[in-house]
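Take a look at the structure set out below.
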Amino acid sequence: MATNKLYQLLLSAFLLTASPILLTAQNGCDVTVDAGENKTFCESDQNVTLTGLIVGDFLDLQWEPAAGLSAPNLATTQALVNTTTTYTLTVRSRSSLNLITNGDFSQGDTGFTSDYTYGTGGSLGLLTSEGQYAIDDNPQDTHRRFADCGDHTTGTGNMMVVNASGEEDSFWCQSITVNEGTSYDFSAWMTSVNDENPAQLQFSIDGNLLGDQFNATANLCAWMEFSAQWTAPASAEVEICIVNVNLTPAGNDFALDDIAFQEICETTDSVTITIADLNATWTPPSQICKDDDIIILNDLLHAEATPDGTWTLDGQTVTSLDPAQLNPGQYTLRYAVSLDQCGASREEPITVVKPPYAGSPGPTLRYCEGTEATVILANQLENEDPDGEWRETSLTSGPAGSFNPISSSLEIADLPAGDYTFNYTVGANSPCGSSENQVRVIIEALPTVNLGTDLVLDCANPTLTLSSDLDATYNFQWTDDAGNLLGTSSVLTVDAEGTYTLNVVSSTTSCQAQGSVSVTEIEGNTITASLEVTPPSCFDSNDGRISVVNPSGGLTPYLFSIDNKPFIDYPEFQNLPPGNYEIAVMDAGGCTEVFSAVITAPSELQVVIAAEKTILSLGDSLQLEAIVNNRISELSWIPNPASCSDCPLITVQPQQSTRYVVNVVDEFGCRASAQLDVQVKRDYNIFIPNAFSPNEDGVNDVFYINAAEGIRLLHLEVVDRWGNVVFQRNDLAANDPGSAWDGRFRGILVPSGVMVYALEAELASGERVILSGELAVVY
């Protein structure tokens, strides 16, 4: 690596130029760079010497682009230049700001950490033991067998003296903060203090090796520099450590000084070598017409021409040509370009030509359709060149013979409404091209007045509104049969018959037209009719009906409505409940008459059931009578009595509570019903004792059952509290002690206690019932 306090390689020609501009680096870098002065050459393939001036210590340099350079990493190099090129000289150097604290150990044993221990002393001095270090200005002061050396910095300052061990321990570490993407240079100076077995050092950042292994030599007091570059992958605090990897402890002793960790600065300067290679080629226009657009002269340059030159027209500097400002004739146009001592030019003659002119047309001609007129189209142009040609360019041409291109005449009366255009062309063979202009003739359509079909005044339409669908761009006049003016708007309201005429004039074209409509009046007659009302069939029915009979008067056909509902064409309204109604009859002319009708409900059919009482004992009979307010044709009972199902008077003997219903129908089919609830008390007329004493004292010694006549005792069981049947018998005789139980079970009296009995009996009605209860046996 070449480092110098002043690195200067200059050519003698360079020294004759003005003082160079020196660019100074930032961030503590004191290197300045001057890439030299810009140079210009008229032709390509130039061999140019690039000479850079660098002041200050630096690591390396690089010229870019490197293509065509003989030695891009030297301050002075040869460049083969074919085109204008800017060369940038980049110099990398160390910042003067050292991020290592106490790197020269001038502050003593501080600012770093170590797996070694500070010297503890011994027979050979402070560093008698391996794996120890000391901060001193002479290694021999720490160990009498170490060399007598000065430090690297001044020769009299401190250094770190190390009696290395046989372990890979970090004898020096320090943490610093780095910035992401920043490149740094780490350096340190080392010398052997014992030539027996030189040390081998490894440097690392956060455990990752930095540079190659650094091997000391056997030369004592010969300071050697270690240097390596590193770029921070992220902004963080990192730890730098140094380890001795020569693990033979005898003689691997050394001294360390001037440890530095410095940001790498890049200082640049540029020099431009310009190859003029001037080109003044351009393409002259063949002929220029006075009506051509303004010509931007630089647009005439060839792609390879050198820009930023000077244009002159007949010696006058110009940047553009405005043909309108030039008289017809010939001029000399020149383009010249120069750069420093180099120059190029080209001049050509140009010609300005007067273009043909088809004249200036007048305003558009407008005529109403059918107008008798002849138009000479040539009279509508001003200042046109003669000997041109006329042709029709309308989208839809007029009738044959209406246009004469020789005389430019146009017959207006032959043309239907439309937009007609006619073009005049002159100068078909002119180098400036032909000129064409247009005369426009518009044939306006006559207004269309459509008042519709003839109208009728009647009851539905006592007045009529006459109107036109034309908009407000027209003027309107309504007149009657006598020509009297009735109105001037597009709408007219009339209430009398007659013929009404509308005259319409366009306010934009003055074209006019008219239309008429006839209005007749119908004399309406009074409408008469009769209403037939059919009442509902029954009191609560809604089947009443109203019929319109024999309508007359007015105009047929008729329509009919009830109570303001929509009109229908059928003269009868059905399914009506009792009430008041209004029937409207409307004829074809919209005349309407209203008639009133009342539907009355018939008397209500009513029936009731009469009975002497409604609560019976079981087995009792009762007479029921249906009483009706009108004559009936049908009668029925529910439930159906056995005696007579359609008799109004029946006798019933219910065995349980029953609801009796009677339904009746009168001669009109109207129905009514009534109901009566009869309650039957459930008294079976059976007496069962709840205790007896079979002690043979002649009082209540047996258990038997009393019952009314007609009741059969079918089966009796007595069960003790353990579920044993102690007595049972079928077909017992009621009211008979001979059918009684004497209290014995298998010939032995049962003990006193409570028994349970169950009796199945058949009532006089044939209904079977089961009665149960408790029976106490006492002594």
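The sequence shown begins at 163 in this note's numbering and counts up one residue at a time. Every residue, glycine too, gets a C-beta built ideally from N, C-alpha and C. Treat the numbers as computed from the prediction; the structure is a model and nothing was measured.
Look at the Cβ atom of Val-823, then the Cβ atom of Gln-841, and state whether they are nearer than 8 Å.
No, Cβ-Cβ distance for Val-823 and Gln-841 is not below 8 Å.
Distance between beta carbons of Glu-428 and Thr-248, contact taken as under 8 Å
The Cβ separation is near 17 Å, so there is no contact.
Is it the case that the stretch 784-792 contacts the stretch 812-830, given that we only count it when at least three CB pairs across the two stretches are under 8 Å?
The stretch 812-830 vs the stretch 784-792: in contact.
Within the same chain, show all residues whose beta-carbon is closer than 8 Å to that of Ser-571, passing over the 5 residues directly before and after it, in chain order.
Around Ser-571: Thr-536, Val-537, Ile-538, Leu-539, Phe-565.
For my contact list, Ile-262 and Ile-437 are in at a C-beta cut-off of 8 Å; report their separation, rounded to the angstrom.
By a beta-carbon distance limit of 8 Å, Ile-262 does not contact Ile-437. Their separation comes to about 49 Å.
Output yes or no for whether 8 Å exceeds the beta carbon distance between Glu-399 and Thr-344.
Taking 8 Å as the cut-off, the Cβ atoms of Glu-399 and Thr-344 do not count as close.
Mapping the DSSP letters down to three states, classify Pro-301 as helix, strand or coil.
DSSP places Pro-301 in helix when its eight states are reduced to three.
Selection from Asn-742, Glu-936, Cys-753 that minimises the alpha carbon distance to Thr-762:
Answer by Cα proximity: Asn-742.
Tell me where the beta strand (DSSP E) around Phe-365 begins and ends.
Going by DSSP, Phe-365 is part of the beta strand (DSSP E) stretching over 362-367.
Taking Thr-655 as part of the beta strand (DSSP E), name the residues at either end of that continuous run.
653-656 is the extent of the beta strand (DSSP E) around Thr-655.
Around the C-beta of Cys-806, are 16 or more other C-beta atoms found within 10 angstroms, so that it is buried, or is it exposed?
That one is exposed.
Can you check whether the CB of Thr-671 is closer than 8 Å to the CB of Cys-451?
Their beta carbons are not under 8 Å apart, which means Cys-451 does not touch Thr-671 by this criterion.
May I ask you to verify whether the stretch 621-636 touches the stretch 553-561, counting CB pairs closer than 8 Å and requiring at least 3?
Contact fails between the stretch 621-636 and the stretch 553-561, because fewer than three Cβ pairs, one in each stretch, are under 8 Å apart.
Counting along the chain, where does the beta strand (DSSP E) carrying Asp-116 start and finish?
Given that the chain is displayed from residue 163 to residue 941, the structure contains no residue 116 and the question cannot be resolved.
With which residues is Leu-242 paired in a DSSP beta bridge?
For Leu-242, DSSP records a beta bridge to Asn-209.
Those residues which DSSP pairs with Asp-419 across a bridge:
Bridge partners of Asp-419: Trp-351.
From the DSSP secondary-structure annotation, give me the bridge partner or partners of Leu-619.
For Leu-619, which the question treats as bridged, DSSP gives the partners Glu-683.
C-beta contact flag for Ser-669 and Asn-637 at 8 Å
If you check the CB distance, Ser-669 and Asn-637 come in under 8 Å.
Please tell me whether Gly-677 and Val-611 are closer than 8 Å, where the distance is taken between their beta carbons.
The Cβ-Cβ distance between Gly-677 and Val-611 falls below 8 Å.
According to the Cβ coordinates, are Leu-876 and Asp-893 closer than 8 Å?
Closer than 8 Å, so yes.
What would DSSP say about Gln-487, mapped onto helix, strand or coil?
Residue state for Gln-487 is assigned as helix, using DSSP reduced to three classes.
Quick check on the DSSP output: the beta strand (DSSP E) that includes Asp-893 runs from which residue to which?
It spans 887-894 - the beta strand (DSSP E) in which Asp-893 sits, taken as one unbroken run.
From the DSSP output, which residues share a beta bridge with Val-840?
By DSSP's assignment, Val-840 forms a beta bridge with Thr-820.
Relative to the alpha-carbon of Cys-335, which residue among Phe-308, Ser-327, Phe-274 has its alpha-carbon at the smallest distance?
Across the set Phe-308, Ser-327, Phe-274, the C-alpha of Phe-274 shows the shortest separation from the C-alpha of Cys-335.
Would you tell me roughly how many angstroms separate the C-alpha atoms of Gln-294 and Asp-357, rounded to the nearest one?
When the Cα atoms are used, Gln-294 and Asp-357 turn out to be separated by approximately 18 Å.
Using CA coordinates, which residue listed in Tyr-346, Asn-359, Trp-385, Ala-361 is at the minimum distance from Ala-394?
That would be Tyr-346, whose Cα lies nearest to the Cα of Ala-394.
Residue of Asp-271, Glu-879, Asp-657, Asn-737 minimising C-alpha distance to Cys-621:
Cys-621 has its Cα closest to that of Asp-657, out of Asp-271, Glu-879, Asp-657, Asn-737.
Pair every Cβ in the stretch 518-529 with every Cβ in the stretch 591-605, then say whether three or more of these pairs are closer than 8 Å.
Result yes; three or more Cβ-Cβ pairs closer than 8 Å.
To the nearest angstrom, how far is the alpha carbon of Asp-782 from that of Glu-796?
Rounded to whole angstroms, Asp-782 and Glu-796 show a C-alpha spacing of 29 Å.
Where does Ala-954 fall in DSSP's three states?
Only positions 163 to 941 of the chain appear in this structure, which leaves residue 954 out of reach.
When you compare only the Cα positions, how much space is there between Pro-567 and Val-515?
Each residue's Cα considered, the two are about 29 Å apart.
Simplified DSSP state of Val-291, which is helix, strand or coil:
With the sequence shown as reference, residue 291 is identified as Ser, and Val is not the correct amino acid for it. The answer is coil: DSSP assigns Ser-291 none of H, G, I, E or B.
Nearest-angstrom beta carbon gap, Val-710 and Leu-123 [assumed within contact, 8 Å]
The structure shown does not extend to residue 123, since the chain is modelled only from 163 through 941, so no value can be given for it.
Work out the CA separation of Gly-885 and Ile-910 for me, nearest whole Å.
Using only the alpha carbons, I get a separation of about 17 Å.
In chain order, what residues of the same chain lie with their CB nearer than 6 Å to the CB of Asn-792, ignoring the 5 residues before and after it?
Within the same chain, Asn-792 has close Cβ partners Leu-767, Asp-828.
Could you tell me whether the Cβ atoms of Phe-348 and Leu-363 are closer together than 8 Å?
Contact: no.
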